[in-house]
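Engineer: Sharing a structure with you now.
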Amino acid sequence: MNPPTANWWRTAAVYQIYPRSFADASGDGIGDLPGITSRLGALTYLGVDAVWISPFYRSPQVDAGYDVSDYRDVDPLFGTLADFDELVTRCHVLGLKVIIDLVPNHSSDDHPWFQAALAAAAGSAARSRYLFRDGKGTHGDQPPNNWRSIMGGPAWTRITGPDGCPGQWYLHIFDARQPDFDWTSPDVHAEFRSILRFWLDRGVDGFRVDCAHSLVKETGLPDEPEHAIKVLIPGEVGEADAHSPMWGLDGVHEIYREWRRVLDEYSPTRIMVAEATVSPMSRVARFVRSDEMHQAFNFSFLTAPWTATAVRQVIDRSLAANGAVGAPTTWVLSNHDVLRHVSRYGLPADLKVPNGIRVQDVQPDAALGLARGRAATLTMLALPGSAYLYQGEELGLPEHTALDDSLRQAPEWFRSGHLEAGRDGCRVPMPWNAAAPALGFSPTGASWLPHPQSYVGLAWDQQAGVAGSTLEMYRAALALRRSWGLAAGTLDWATDFADTAAEPDVLAFRNNGVLIVSNRGVEALPLPAGRVLLTSGTLDQDGDLPADVTAWIITD
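Each residue of the sequence shown is one higher than the last, beginning at 3 in our numbering.
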């Protein structure tokens, strides 16, 4: 299934699995590792090369597993280490590589290290593994600096000592139950080298590194300037990106060089992919230099507006920046942290993309969003480089925008004082069988989040083998992507077909003999003579390309 070379990652199509929402074998309403194993046949049918599995470690699940209490064990919610070993073995039998999440910025406050730090004195070795500081003010009752959590509220929490008196403050740039590690500690470095080896020895093929740009903080922990950029998923903001003392510092690169030396001890090739939300692309490319990571998600592509001009600029910048360091570009449109792209593209163009959508908010245009989502996917899968797919996007799943507020679990919903809906809407369980309990997600009908009614008609069994369905479009695109060598190809803008200056609403490029045309305007576009390989929508009666449709063509 996967490319048979040591450089499989340069061209791979990787499928993200969010464990609690993929498939539930136990019947408790929460997806698990045996459930994933039971559904791997669907992924071979789809035609992907690898899976990335979001966290399944022991955790109190305050942030859906991104608050890890034991990095070397499986949380009982998801199964056992034996279940994990079986999953890896089965993936490899099917030709699928396995990438797992690694969360190095912070642990859970339940982690033994943090519990030991709470019990220890200020200045102790136990506290040196985290960022404990004395507070400001006469009585130390003010936070050490002005940093804010990206989940809302201050990034500092004050502890109460064993004697019942207020003590130091600790840093958490996420939830208060996710204390940040201090990466100046040799203990932290040694621990994560050991964690890497633990999972590499169990056969994993790589790691997706969570919040890879945040591990190192500026010496002295100075206040953050008011103008510093404080968004989780930034767009392309140019070389004058505002400095932040808690994000994107160059010291992280030495950590990844250290990790790369560990990975290079193993054969065949094991990889790392960075979740590094920095900009511009020249800064992202630093993560994929030859002695660091192998891939870095292209969030500028994910956040680009629908317009052809904006997408063309992102593609050019991305290929140039990554090409300068000899790395592929890693394209992505959706993941577990952002609005599903078929809903994002259905929102008004002048609306700032929200962190979740509630029933009283502006609702996406479902038909427009699906049309544009399919067209964007065919654009992405025709680009040279690797591509990541988020579970359910192959079904055209939209965001759940009518989820009852009482069911929300994302930390930002609570920490924002219910101002941000949060990420639950993109994490709703997969619909496998329209007539089964919980749409086939769980044998008992239990489900940790309910499905919207729209998921019934989008279930896997309603699309498999159905010509024109979103599932079959993805399957055909992945097969053609492989057979035509698009992931290993070279992009050339097709100015002979569409002059980008004169026709700014058209994306047109060639890759390994295939012409890709994406109509981002409002009028139908005449196509050149040739054989149409695939389209994201139906051509009009004259054979022209309608608005919001992408076509792959072999021209005469």
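Built from N, CA and C at the ideal position, the CB exists for glycine as well.
Measure from the alpha carbon of Trp115 to the alpha carbon of each residue in Val218, Ile175, Asp189 and Glu88, then state which is nearest.
Structural biologist: When each option's Cα is compared against that of Trp115, the closest is Asp189.
Engineer: Which residue comes first and which comes last in the beta strand (DSSP E) that contains Gln170?
Structural biologist: From DSSP, the beta strand (DSSP E) with Gln170 extends over Pro168 to Leu173.
Engineer: How big is the Cα-Cα spacing for Tyr132 and Pro156?
Structural biologist: Going by the C-alpha atoms only, they are around 17 Å apart.
Engineer: Just verifying my parser: in three-state terms, what is the DSSP assignment at Pro36?
Structural biologist: Correct three-state label for Pro36: helix.
Engineer: Leaving out five residues on either side along the sequence, give the residues of the same chain with a beta carbon under 7 Å from the beta carbon of His296.
Structural biologist: The answer, listed in chain order, is Trp11, Ile273, Met274, Val275 and Val290.
Engineer: Around the C-beta of Ile102, are 16 or more other C-beta atoms found within 10 angstroms, so that it is buried, or is it exposed?
Structural biologist: Burial call: buried.
Engineer: Compare the beta carbon distance of Ala323 and Ala298 with 7 Å and say whether it is the shorter of the two.
Structural biologist: No.
Engineer: When you compare only the Cα positions, how much space is there between Tyr390 and Asp136?
Structural biologist: Using only the alpha carbons, I get a separation of about 43 Å.
Engineer: Taking DSSP's pairing of strands, which residues face His108 in a bridge?
Structural biologist: Note: His108 sits in a beta bridge opposite Asp182.
Engineer: Need the endpoints of the beta strand (DSSP E) that Arg417 sits in, please.
Structural biologist: First-last for Arg417: Pro413 to Arg417, but that is the alpha helix (DSSP H), not the beta strand (DSSP E).
Engineer: With a CB to CB cut of under 8 Å and the five nearest residues on each side skipped, what residues in its chain are close to Asn9?
Structural biologist: Here the set comprises Thr271.
Engineer: For Asp318, report the span of its alpha helix (DSSP H) as first-last.
Structural biologist: Ala310 to Gly325 is the extent of the alpha helix (DSSP H) around Asp318.
Engineer: Helix, strand or coil for Gly240, going by three-state DSSP, please let me know.
Structural biologist: Any reading at Gly240 needs caution, since the residue's pLDDT is 38, under 50, leaving its predicted position unreliable; the model's value is listed next. Note: Gly240 maps to coil in three-state DSSP.
Engineer: With which residues is Met274 paired in a DSSP beta bridge?
Structural biologist: Note: Met274 sits in a beta bridge opposite Phe209.
Engineer: Measuring straight from C-alpha to C-alpha, what distance separates Leu335 and Asp77?
Structural biologist: Roughly 29 Å between the two C-alpha positions.
Engineer: Is Gln362 buried or exposed, if buried means 16 or more other CB atoms sit within 10 Å of its CB?
Structural biologist: Label assigned to Gln362: exposed.
Engineer: By how many angstroms is the C-alpha of Arg92 removed from the C-alpha of Asp85?
Structural biologist: Rounded to the nearest angstrom, the two C-alpha atoms are 11 Å apart.
Engineer: Around the Cβ of Ser538, are there at least 16 other Cβ atoms within 10 angstroms (buried) or fewer (exposed)?
Structural biologist: By the neighbour-count rule (16 or more Cβ atoms within 10 Å), Ser538 is buried.
Engineer: Expressed to the nearest angstrom, what Euclidean distance is found between the alpha-carbon atoms of Pro62 and Leu493?
Structural biologist: One C-alpha to the other measures close to 46 Å.
Engineer: At the level of alpha carbons, what is the spacing between Phe301 and Asn357?
Structural biologist: Those two C-alpha atoms are separated by around 15 Å.
Engineer: In whole angstroms, what is the alpha-carbon distance linking Arg342 and Val430?
Structural biologist: Arg342 and Val430: Cα-Cα distance of roughly 11 Å.
Engineer: Could you tell me which residues DSSP pairs with Gln297 in its beta bridges?
Structural biologist: Looking at the DSSP assignment, Gln297 forms a beta bridge with Val275.
Engineer: Helix, strand or coil: how does DSSP classify Gln465 here?
Structural biologist: Gln465: helix per DSSP, three-state reduction.
Engineer: Ordered along the chain, which non-local residues of its own chain (more than five positions away) have a Cβ less than 8 Å from that of Pro530?
Structural biologist: Hits under 8 Å: Phe499, Leu517, Ile555, Thr557 and Asp558.
Engineer: Going by the beta-carbon positions, is the gap between Tyr268 and Leu370 smaller than 7 Å?
Structural biologist: Contact: no.
Engineer: So, is Gly532 buried or exposed, given that buried needs 16 or more other C-beta atoms within 10 angstroms?
Structural biologist: That one is exposed.
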